[in-house]
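Residue numbers (the working numbering): 4 to 427.
Here a beta-carbon is modelled for each residue, glycine too, at the ideal position from N, C-alpha and C.
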Amino acid sequence: MGSGKKTWTAALLATTVLVITAACGSEGADGAITLRFSYWGSDARQKMTQEAIKRFEAKNPDIDIEEEFSGFGAYYDTLATRVASDQTPDVITLEIRGLREYAERGTLADLSSAVDTADIDAKVLATGAIDGKQFAIPTGVNAWSLVVDPKAIKDAGQSLPDDTTWTWDEYVDLAAKITAGTGGKVYGTQQAFNPAFLQIFAAQRGESLYKGNRIGVSPETLKAWWAIHQKLIRTKGSPDAAKSIELGTQGEDRSLFATRNGAMGMWWSNQLGSINKASGGKAVDLLRMPKAPGAAAGGMFLQPAMFYTASAKSEHQAAAAKFIDFMINDPEAGAIILSDRGLPANSQVLAAVRDKLPETDKKTLAFLDKVKGELADSPAAPPKRASAIEAILTRYTNEVLSGRMTPDKAAQKLITEANALIAG
């Protein structure tokens, strides 16, 4: 499964004591620097990344890249263990929700003058900065969006909505009609519990997901959000609570799109290609998220799909920065990775690979170009320990949907627990 370079899987890392001469990085007998690079993803992402690594190593024969790869589920636990045991990788992939936590504990190096960021949009770049230091470089951008299968909607006797005006009630109604129109063979939609969904929903009601080191969403907004989920189940626009909860723990390859019995769902825009592949090549499209009636703004936003960061303890920070620079700024890397880590954040790389993008990714680019003027500013890095908020949100959502807890009680307990977690 490799490129000839050593690849550590999460399982191996969990059972093997890594013998490393320093906290990060090493130097081989031939004088070459070895950088440890941690990232998560699918088999397809790993193959792309290995190809990009080969190109980098060909251009930089004095640097070897040692992968530390895992699926997403194990990634952050494994990373936390490595950092705690003073075995931090030299180059670390992070999401925005984990950025502040690792930056403020001193794990990350300031890349302000180490990586060329001239061709990255200033607002997007700012998402990787904390207290004036550029700890993280965005790989690419995406937006939380509504994914639809137009043919499935048409086959159910329904029409695509006008996504510039549609409301949450219209979304729920369309989902129910799709399920009914197919005799239950195709569900109208798949439920989503991602905090990005709640963030957009809250913005339409004039609220933010975070307000400093506290949750910014009111109990009323949480209950209104859960009401959408409950109504989808009640009207059979989505599967029942148990199936929806199960689907919420799985990726695109096990989604309703993959089994060809779903017509809509919410995903990050850079996942459109993998959804298309998982569904057997069905033509899928992106739509704007529905809105609350009278909402001043739609609440959608661009967010880095992920960031590259470097360890503050690496003995080879210049080499780590060189690798990050290659992955972000080199058109050769861009031509291999394409939109897998979001549409390239570097505008010159995006221009260079635009014509090479698969048709589905061209749809994503066209969609983001279309909605660009409507989008809210990219959010700043959330509070420390915000990486645990998704699990908390999902847990209480499950309690509500399964009927084990009332929305009132769940909203109060969620906000109390989340505030206690992120306040420190």
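Where the beta strand (DSSP E) containing residue 174 begins and where it ends: Residue 174 -> not in any beta strand (DSSP E); alpha helix (DSSP H) instead, spanning 171–184.
Between which residues of its own chain and residue 118 is the CB-CB distance below 6 Å, once the five residues before and five after are set aside? For residue 118, where only same-chain residues beyond five positions count, the Cβ hits under 6 Å are 140, 324, 327, 328.
How about residue 142 and residue 344: are their beta carbons less than 7 Å apart? Taking C-beta atoms as the reference points, residue 142 and residue 344 count as a pair closer than 7 Å.
Where do the N-terminal and C-terminal ends of the alpha helix (DSSP H) with residue 202 fall, by residue? Segment 198–207, the alpha helix (DSSP H) holding residue 202.
Can you tell me where the alpha helix (DSSP H) with residue 127 in it begins and where it stops? Per DSSP, the unbroken alpha helix (DSSP H) holding residue 127 starts and ends at 125–128.
DSSP three-state assignment for residue 145, whether helix, strand or coil: Note: residue 145 maps to strand in three-state DSSP.
Residue 321, buried or exposed, once every other Cβ within 10 Å from all chains shown has been counted against 16: Taking a 10 Å sphere around the C-beta of residue 321, we find fewer than 16 other C-beta atoms and assign the residue as exposed.
Taking C-alpha atoms, which residue in 272, 285, 300 lies nearest to residue 207? Put simply, of 272, 285, 300 the residue whose alpha carbon is nearest the alpha carbon of residue 207 is 300.
Just how far apart, CA to CA, sit residue 151 and residue 165? Residue 151 and residue 165: Cα-Cα distance of roughly 13 Å.
Cβ shell of residue 123 (< 8 Å), same chain only, five flanking positions each side left out: Correct list, in chain order: 140, 141, 331, 348, 349, 350.
Considering Cα atoms alone, identify which of 35, 57, 225, 36 is closest to residue 340. Of 35, 57, 225, 36, the residue nearest in Cα terms is 57.
Which residues share a DSSP beta bridge with residue 254? Paired residues: none, contrary to the question.
Cβ contact check for the stretch 97–115 and the stretch 304–321: 3 or more pairs under 8 Å: These segments touch.
In its own chain, which residues sit with a C-beta less than 7 Å from the C-beta of residue 220, not counting the 5 before and 5 after it? Answer for residue 220: 201, 205, 210, 212, listed in chain order.
Let me know the secondary structure DSSP gives residue 210 once reduced to three states. The DSSP-derived three-state label of residue 210 is coil.
How about residue 293 and residue 190: are their beta carbons less than 7 Å apart? No.
Contact check, residue 92 vs residue 393, beta carbons under 7 Å: With a cutoff of 7 Å on beta-carbon distance, residue 92 and residue 393 are scored as not near each other.
Residue 242, DSSP secondary structure in three states: Correct three-state label for residue 242: coil.
Could you check what DSSP says for residue 60 in three-state terms: helix, strand or coil? In the structure shown, residue 60 sits in a helix (DSSP, three-state: H, G or I).
Smallest Cα separation from residue 85: which of 258, 63, 41, 60? Looking at the Cα atoms, 41 is the closest of the given residues.
Cβ-based burial, residue 372 [other Cβ within 10 Å; buried from 16]: Flag for residue 372 reads exposed.
Return helix, strand or coil for residue 51, following the three-state DSSP convention. Helix.
Is the beta carbon of residue 400 less than 7 Å from the beta carbon of residue 196? Residue 400 is a Cβ neighbour of residue 196, given a cutoff of 7 Å.
What three-state label does DSSP hand residue 260 in the structure shown? Residue 260: coil per DSSP, three-state reduction.
Could you spell out the range, first to last residue, of the alpha helix (DSSP H) harbouring residue 167? Neither: residue 167 is in no alpha helix (DSSP H) and is coded neither H nor E.
Would you report the Cα separation of residue 250 and residue 257, rounded to the nearest angstrom? Looking at the two C-alpha atoms, the distance is approximately 7 Å.
Compute the distance between the beta-carbons of residue 382 and residue 276, then report whether it is under 7 Å. Taking 7 Å as the cut-off, the Cβ atoms of residue 382 and residue 276 do not count as close.
For the alpha helix (DSSP H) containing residue 1, list its first residue and its last residue. A question about residue 1 goes unanswered here, because the residues of the chain that appear run from 4 up to 427.
For residue 136, I'd like the list of residues in its chain whose CB is within less than 7 Å of its CB, leaving aside the five on either flank, ordered along the chain. Same-chain partners within the cutoff: 113, 115.
Taking the alpha carbon of residue 72 as the reference point, which residue from 53, 88, 63 has its own alpha carbon closest? Relative to the Cα of residue 72, the nearest Cα in the group 53, 88, 63 belongs to 53.
Can you give me the start and stop residues for the alpha helix (DSSP H) that residue 105 sits inside? Residue 105 -> alpha helix (DSSP H) spans 102–107.
Three-state secondary structure (DSSP) of residue 69: Strand at residue 69.
Alpha carbon to alpha carbon, how far is residue 390 from residue 364? Give it in angstroms, no decimals. Distance between the alpha carbons of residue 364 and residue 390 is about 28 Å.
Could you compute how far the alpha carbon of residue 167 sits from the alpha carbon of residue 386? Those two C-alpha atoms are separated by around 32 Å.
Please report the Cβ distance between residue 217 and residue 426, rounded to the nearest whole angstrom; I am assuming they are in contact, meaning their Cβ atoms lie under 8 Å. Contact between residue 217 and residue 426 holds, since their C-beta atoms are separated by about 7 Å, short of 8 Å.
I need the DSSP call for residue 310, collapsed to helix, strand or coil. In this structure, residue 310 counts as strand in the three-state DSSP scheme.
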